[in-house]
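Student:
In the numbering used here, the protein residues as written are 1300 to 1367.
1. For a quick check, are the C-beta atoms of residue 1335 and residue 1353 less than 9 Å apart?
2. Please name the residue in 1327, 1337, 1332, 1344 whose C-alpha comes closest to that of residue 1355.
3. Quick one: what does DSSP say residue 1316 is sitting in, helix, strand or coil?
4. Could you tell me if residue 1320 is buried or exposed, where buried requires 16 or more neighbouring beta carbons within 10 angstroms of its beta carbon?
5. Just confirm the distance between the C-beta atoms of residue 1337 and residue 1329, as a whole number of angstroms; I'd bet it's less than 8 Å.
6. Rounded C-beta distance between residue 1348 and residue 1313? I'm assuming under 8 Å.
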């Protein structure tokens, strides 16, 4: 398993290898220079990360525009 939080190597290597595998499988069809978020399905990508044992932590902060 890979714990992406706190260590840099898995956080760099896993996404790159998953993107390469997705390209090889034909999941990425856009050609040219494109940002990953413009050509990779995030659901498939995150599923592949989780399948490899990565742990993903999400924090959401909601604040008001008006001070009370």
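Note that CB positions come from ideal geometry on N, CA and C, so glycine has one too.
All figures in this text were calculated on a predicted structure; none of them were measured in a lab.
Tutor: With the given structure in hand:
1. Their beta carbons are not under 9 Å apart, which means residue 1335 does not touch residue 1353 by this criterion.
2. The option with the nearest alpha carbon to residue 1355 is 1344.
3. Three-state DSSP puts residue 1316 in a helix.
4. Burial check for residue 1320: the Cβ neighbour count within 10 Å stays below 16, so the residue is exposed.
5. Approximately 7 Å separates the beta-carbon atoms of residue 1337 and residue 1329; this is inside 8 Å, confirming the contact.
6. About 6 Å separates the Cβ atoms of residue 1348 and residue 1313, confirming a contact at the 8 Å cut-off.
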